[in-house]
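Trainee: Residue numbers (the working numbering): 3 to 222.
Pasting in a structure now, in structure tokens, and then I'll have a few things to ask.
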Ligand code: AP5
């Protein structure tokens, strides 16, 4: 059986959200995106959103204690009993250590890591062309869809919005934070679990196919 406790790992724009959404559908487990949770909080102007807004707009990280509290609540909910796909967490060594405590309490298996590899320059191009459909949440690259004014998933017209942190200077800051603070977290997992490395620069369907092949291989 394929592993259903998964952590998506990779730089901003590597395709974590895109692949997590597809895998969640295929494996029938929830996609937990800490970025989406924060963006919803910002949109709804909740206490969390008010704290997170400025930090996210600068491309910096929201404090660990806030993030761990959010993830803990979700992972302990019934929806995650059969598994989960974590996207955007953990991002610091401290988050990884605190996640271990949660995993131990949950007692339903240690997650596998899926690391998407993409060069920074490709990422900068991708993120400047990224749009999100405000009706259904589908993520697109404007260069890769037939009609840039129509959502290929729900058909809504003129529904694409650009994320506030997809400005070039903020993208570069996010990449710096990733290389300095998040990438080293992978070392922590090296002796703890399997790390599946996939070329994230391939077309979306190929990336999914490669992930599923490697997950299948690791299950067998
Ligand atoms: P978050 O939302 O997690 O952003 P991120 O990690 O920077 O990742 P992205 O969502 O930008 O990229 P992605 O890898 O999901 O790529 P996507 O699939 O969209 O976090 C945002 C902010 O929230 C952080 O900066 C921080 O402030 C805060 N935050 C969140 N979690 C936190 C935590 N744990 N601790 C502290 N702070 C936290 O794809 C990108 C584009 O490429 C799209 O246009 C897509 O269509 C396209 N694309 C995808 N795959 C392909 C492909 N194979 N080929 C061509 N194009 C592709």
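Backbone N, C-alpha and C define an ideal beta-carbon position, used for all residues, glycine too.
Please work out which residues of its chain come closer than 6 Å, Cβ to Cβ, to residue 57, disregarding the five sequence neighbours upstream and downstream, and give them in chain order.
Mentor: The residues are 64.
Trainee: Anyone know if the C-beta pair for residue 5 and residue 114 falls short of 8 Å?
Mentor: Yes, they are a contact pair.
Trainee: In angstroms with no decimal places, state the Cα-to-Cα distance between residue 38 and residue 134.
Mentor: Taking the straight line from one Cα to the other gives about 11 Å.
Trainee: Kindly examine ligand 1 and report whether one of its heavy atoms sits closer than 7 Å to the Cβ of residue 150.
Mentor: Residue 150: no, Cβ never under 7 Å from ligand 1.
Trainee: Would you mind working out which of 167, 50, 187 sits nearest residue 14, comparing C-alpha positions?
Mentor: Ranking the options by Cα distance to residue 14, first place goes to 167.
Trainee: If we require 3 or more residues per run, which beta strand (DSSP E) segments fall completely within the segment 28–96?
Mentor: Listed in chain order, they are 33–35, 86–89.
Trainee: Find out if the Cβ-Cβ distance for the pair residue 128, residue 151 is shorter than 8 Å.
Mentor: Not a contact, by the Cβ cut-off of 8 Å.
Trainee: May I ask whether a heavy atom of ligand 1 can be found less than 7 Å away from the beta carbon of residue 98?
Mentor: No; taking the cut-off as 7 Å, the Cβ of residue 98 has no heavy atom of ligand 1 nearer than that.
Trainee: Scan the segment 170–209 and note each continuous alpha helix (DSSP H) run of 4 residues or more that stays entirely inside, going in chain order.
Mentor: If we require 4 residues or more, the alpha helix (DSSP H) runs fully inside the segment 170–209 come out as 170–179, 187–192.
Trainee: Is there contact between the segment 37–51 and the segment 207–222, where contact requires at least three CB pairs shorter than 8 Å?
Mentor: Contact between the segment 37–51 and the segment 207–222 is absent, because fewer than three Cβ pairs lie under 8 Å.
Trainee: Less than 8 Å separating the beta-carbons of residue 105 and residue 11?
Mentor: Cβ atoms of residue 105 and residue 11: not closer than 8 Å.
Trainee: From 130, 47, 36, pick the residue whose C-alpha is nearest to that of residue 92; which is it?
Mentor: Looking at the Cα atoms, 36 is the closest of the given residues.
Trainee: If you run the structure through DSSP and keep just helix, strand and coil, what is residue 114?
Mentor: The answer is strand: DSSP assigns residue 114 an E or B state.
Trainee: Taking 8 Å as the threshold (C-beta atoms), are residue 66 and residue 223 in contact?
Mentor: Residue 223 cannot be examined here, being either before or after the span of the chain that is shown, 3 to 222.
Trainee: Using three-state DSSP, classify residue 105 as helix, strand or coil.
Mentor: If DSSP states are grouped into helix, strand and coil, residue 105 belongs with the helices.
Trainee: Locate the beta strand (DSSP E) running through residue 132, then write down its first and last residues.
Mentor: Counting along the chain, the beta strand (DSSP E) containing residue 132 begins and ends at 132–135.
Trainee: Evaluate the contact criterion for the segment 22–32 versus the segment 71–91: three or more CB pairs, one atom per stretch, below 8 Å.
Mentor: These segments touch.
Trainee: Compare the Cα-Cα distances from residue 171 to each of 148, 61, 190 and report the closest residue.
Mentor: If we check each option's Cα against that of residue 171, 61 comes out closest.
Trainee: Taking the alpha-carbon positions, what's the residue 163 to residue 136 distance?
Mentor: So the two alpha carbons sit approximately 7 Å from each other.
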